[in-house]
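Down below is the structure, laid out as structure tokens.
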Amino acid sequence: QVFSGADFKTIATDLNLRYREVDFFSRDDVAKLDAMEQNPKFLDAAFATQKGESSAVIEASEGRFFVLRVVDRKEPQPRPLSEVKDLVTKDYQQEKGIAMAQEQMNALLKELAQGTPWEKVISSQPDLKIATSELFLRDGQTPQVSTSLRTAAFKLTAETPIHNGVLETPDGLALIKLK
49 QVFSGADFKT IATDLNLRYR EVDFFSRDDV AKLDAMEQNP KFLDAAFATQ KGESSAVIEA
109 SEGRFFVLRV VDRKEPQPRP LSEVKDLVTK DYQQEKGIAM AQEQMNALLK ELAQGTPWEK
169 VISSQPDLKI ATSELFLRDG QTPQVSTSLR TAAFKLTAET PIHNGVLETP DGLALIKLK
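Count the sequence shown with this note's numbering and you get residues 49 to 227, in order.
As structure tokens, this is what we get:
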């Protein structure tokens, strides 16, 4: 009956099954849906089924099945510029800031590679945040020392006390030197 185009509500009532209608939603709206509708199998079926068609019978979880019929659908539309302008501007500024910081850090690294002393390079950058970490273990979970910093730090030696690259950390970009 389900696949012959019969009314889902009537079938569900006759068989004592749960029937639910869901209004339009996008993947951005998933958090607002019920648990069943948040199921990835439900979402995949909802977005793959064409208007006026029914999905196959799909097992949502052990012993729980569903069939859905797409009554109508709205094709994705770009959001109006007025809605996204602030977000796009913020993302652009953040990307540019990161790129500029990366360039600055690479320039400092180049100076260090040319033999300029660490102290002179660092003191030439008044906006640079300088920090000395507490002692930490290679495999320790030290919150103030990210995994990338910890990994790079344990590659440093007395002969090569400065890491040869710019590191990305949760707090930003970093250069590291063995003390």
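Cβ coordinates follow ideal geometry from the N, Cα and C atoms, glycine included.
Whole angstroms is fine: what's the gap from residue 129's alpha carbon to residue 139's? Locating residue 129 in the sequence shown gives position 81, counting from the first residue. Locating residue 139 in the sequence shown gives position 91, counting from the first residue. Going from the Cα of residue 129 to the Cα of residue 139 covers about 14 Å.
Measure the Cβ-Cβ separation of residue 157 and residue 223 and say whether it is below 8 Å. Along the sequence shown, one-based indexing puts residue 157 at 109. Along the sequence shown, one-based indexing puts residue 223 at 175. Yes, the Cβ-Cβ distance between residue 157 and residue 223 is below 8 Å.
Host beta strand (DSSP E) of residue 108 (start-end): For the purposes of this step, residue 108 is taken as residue 60 along the sequence shown, with counting starting at 1. Start and end: 106-109.
I'd like the ranges of any alpha helix (DSSP H) spanning at least 4 consecutive residues and lying wholly in the stretch 111-190. Listed in chain order, the complete alpha helix (DSSP H) runs (minimum 4 residues) inside the stretch 111-190 are 129-161, 166-171.
Give a yes or no on contact between the stretch 96-103 and the stretch 73-87, applying the rule of three or more CB pairs nearer than 8 Å. no
Please classify residue 95 as buried or exposed, where buried requires at least 16 neighbouring CB atoms within 10 angstroms. Reading the sequence shown from its first residue, position 47 is the one you call residue 95. When all chains shown are included, residue 95 counts as exposed.
Take residue 181 as the anchor and find which of 115, 111, 190, 199 has the nearest alpha-carbon. As a position in the sequence shown, residue 181 is number 133, starting the count at 1. That would be 190, whose Cα lies nearest to the Cα of residue 181.
Where residue 169 falls, given that 16 or more other Cβ within 10 Å makes a residue buried: As a working note, residue 169 is residue 121 in the sequence shown. Answer is buried; the Cβ neighbour count reaches 16.
Roughly how many whole angstroms lie between the Cα atoms of residue 78 and residue 89? Start at 1 with the first residue of the sequence shown, and residue 78 comes out as number 30. Start at 1 with the first residue of the sequence shown, and residue 89 comes out as number 41. If you take the alpha carbons of residue 78 and residue 89, they lie about 13 Å apart.
If you reduce the DSSP assignment to three classes, tell me which class residue 210 lands in. Here residue 210 corresponds to residue number 162 of the sequence shown, with the count starting at 1. In the three-state reduction of the DSSP assignment, residue 210 falls in the strand class, which pools E and B.
Residue span of the beta strand (DSSP E) that contains residue 197, given as start and end: The residue given as residue 197 occupies position 149 in the sequence shown. Run containing residue 197: none in the beta strand (DSSP E); it sits in the alpha helix (DSSP H), 195-201.
Thinking C-beta only, is residue 149 closer than 8 Å to residue 220? Translated into positions along the sequence shown, residue 220 becomes position 172. Translated into positions along the sequence shown, residue 149 becomes position 101. A contact, by the Cβ cut-off of 8 Å.
The alpha helix (DSSP H) with residue 58 in it runs from where to where? By 1-based counting over the sequence shown, the position of residue 58 is 10. Where residue 58 is concerned, the enclosing alpha helix (DSSP H) stretches over 56-62.
Residue 80, DSSP secondary structure in three states: Along the sequence shown, read from residue 1 onward, the residue named residue 80 stands at position 32. Residue 80: helix per DSSP, three-state reduction.
Assign residue 172 to buried or exposed, taking buried as 16 or more other Cβ atoms, counted over all protein chains shown, within 10 Å of its Cβ. As a position in the sequence shown, residue 172 is number 124, starting the count at 1. By the neighbour-count rule (16 or more Cβ atoms within 10 Å), residue 172 is not buried but exposed.
Please report the straight-line C-alpha distance between residue 160 and residue 201, rounded to a whole angstrom. Locating residue 160 in the sequence shown gives position 112, counting from the first residue. Locating residue 201 in the sequence shown gives position 153, counting from the first residue. Looking at the two C-alpha atoms, the distance is approximately 17 Å.
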